[in-house]
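Data block below; observations after.
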Amino acid sequence: MPTLARKTAALLVCALPVMANATDTLSTIRERKTITIAHRESSIPFSYLDGHQQAVGYAIDLCMKVVDAVRRELKLPTLAVKYVPVTPANRLQLIASGDADMECGSTTNTVERKQQVDFSIAYFIASAKMVVRADSGIKNWSDLRDKSVVTTRGTTNARTLADRGQIRSLNLKLLESKDHAEGFGMVEQRVAAAFAMDDVLLSGLKASAKNPADFQVVGDSLSTEPYAIVIRKNDPAFKQVVNRELSRLMLDGEIHAIYEKWFQRPIPPQAINLNMPMGHLLRSSIRFPVDDVADLPH
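Its first residue numbered 1, the sequence shown is counted upward by one per residue in the working numbering.
Structural data, given as structure tokens:
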């Protein structure tokens, strides 16, 4: 899509009126005066539990902006927020089934997943890499030959890694973890030589470790992962409210302060600092917000 057309489309998202009908998410939220957010428990710094076991993170902050936008749209004086923890294995199903209104975490927008759910504008772009022990001697994927590698069940990295192992005949022993914390723990305990996941999540796990210097995030990028809010399919009214607010945050520049809070300052509960300036792919994408993965810069 040409640059001008992209910007025009983004501005239109902010300007179009929203009409709800009796069966859409907005009507359900209006009736119960509650919006349900599915969140992750260990996706630092996007969606995780702080020292008080409360859901916090970059994605949570963005979703709370959306909650305010929904409240304004429905003209509700107050709107309660209910949180539901999810895993990579069940997150899409809980949205599709209506048990949650949106998932706020670190979920990649893919064509395959859009058969089951829908996605908002991307709010982060990650790269798939791996974390290893610093004394392992592993620097890139070819160094994994005949070794055990763990990925989190239900993630795009699981399939990507399986393809990489097959194409390069690395004879990998592929393991699965229930969540990112368990996957990192398997490397920490030397059960697996590497944990393959999105670079930003690996950096968060490394920074949270008892001895961060014991680990390294390495490897050429296997894929580009655009993270987005997950919503139900065939609900254009709700999707429009979500995208309109995200577009506003991006085009007004408000998202930069939220990004800095979670990626360039100490965050709870251990006051770790990821020291991750915003990458050029994300900077480019938020200048021209789109929710089609094919339109994202590569």
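For each residue, glycine too, the CB sits at the ideal point set by N, CA and C.
Whose C-alpha, out of His180, Asp146, Leu144 and Ile37, is nearest the C-alpha of serine 43?
-> Sequence index remark: in the sequence shown, residue 43 carries index 43 (1-based). Residue His180 is the option with its Cα nearest to serine 43.
Got a sec? Which residues, its chain only, sit under 7 Å from alanine 134 by beta carbon, not counting five neighbours each side?
-> Against the sequence shown, residue 134 aligns to sequence position 134. Cβ within range, chain order: Ala213, Asp214, Phe215 and Gln216.
Taking the beta strand (DSSP E) that methionine 130 falls in, what are its first and last residues?
-> Locating residue 130 in the sequence shown gives position 130, counting from the first residue. Start and end: 118-133.
Please state if the CB of serine 148 and the CB of leucine 175 are separated by a distance shorter than 7 Å.
-> In the sequence shown, the residue the question calls residue 175 occupies position 175. In the sequence shown, the residue the question calls residue 148 occupies position 148. Yes.
Report the rounded CA-to-CA distance for glutamine 189 versus tyrosine 58, giving the unit in angstroms.
-> Position 189 of the sequence shown holds residue 189. Position 58 of the sequence shown holds residue 58. Each residue's alpha carbon lies about 29 Å from the other.
Where the alpha helix (DSSP H) through valine 242 begins and ends | On the sequence shown, residue 242 is found 242 positions in, with the first residue counted as 1. Looking at the DSSP string, the run of the alpha helix (DSSP H) that includes valine 242 is 236-251.
Residue(s) in a DSSP beta bridge with leucine 174 = Walking along the sequence shown from the start, residue 174 turns up at place 174. Answer by DSSP bridge pairing, in chain order: Val149.
How far does the beta strand (DSSP E) with glutamine 216 in it reach, from first residue to last?
-> Position 216 of the sequence shown holds residue 216. That run of the beta strand (DSSP E) goes 215-218.
Which ranges would you report for the beta strand (DSSP E) in the region 47-128 if only whole runs of at least 3 residues count?
-> 47-49, 80-85 and 102-104
DSSP state of glutamate 188 mapped onto helix, strand, coil | Reading the sequence shown from its first residue, position 188 is the one you call residue 188. Reduced to three states, the DSSP call for glutamate 188 is helix.
From asparagine 171 to valine 84, what distance separates their C-alpha atoms?
-> Within the sequence shown, numbered from 1, the residue matching residue 171 stands at position 171. Within the sequence shown, numbered from 1, the residue matching residue 84 stands at position 84. Using only the alpha carbons, I get a separation of about 38 Å.
Taking the alpha carbon of leucine 281 as the point to measure from, which residue in Leu246, Ile37 and Glu225 has its own alpha carbon closest?
-> As a working note, residue 281 is residue 281 in the sequence shown. Ranking the options by Cα distance to leucine 281, first place goes to Glu225.
Could you say which of Arg283, Asn243, Phe263 and Gln270 lies nearest to valine 290 if we only look at CA atoms?
-> Taking the sequence shown and counting its residues from 1, one reaches residue 290 at position 290. If we check each option's Cα against that of valine 290, Asn243 comes out closest.
What residue does the alpha helix (DSSP H) around glutamate 31 start on, and which one ends it?
-> What you label residue 31 is simply residue 31 of the sequence shown in a count that begins at 1. Segment 25-32, the alpha helix (DSSP H) holding glutamate 31.
Given 8 Å, three or more beta-carbon pairs between the region 100-114 and the region 225-236 | yes
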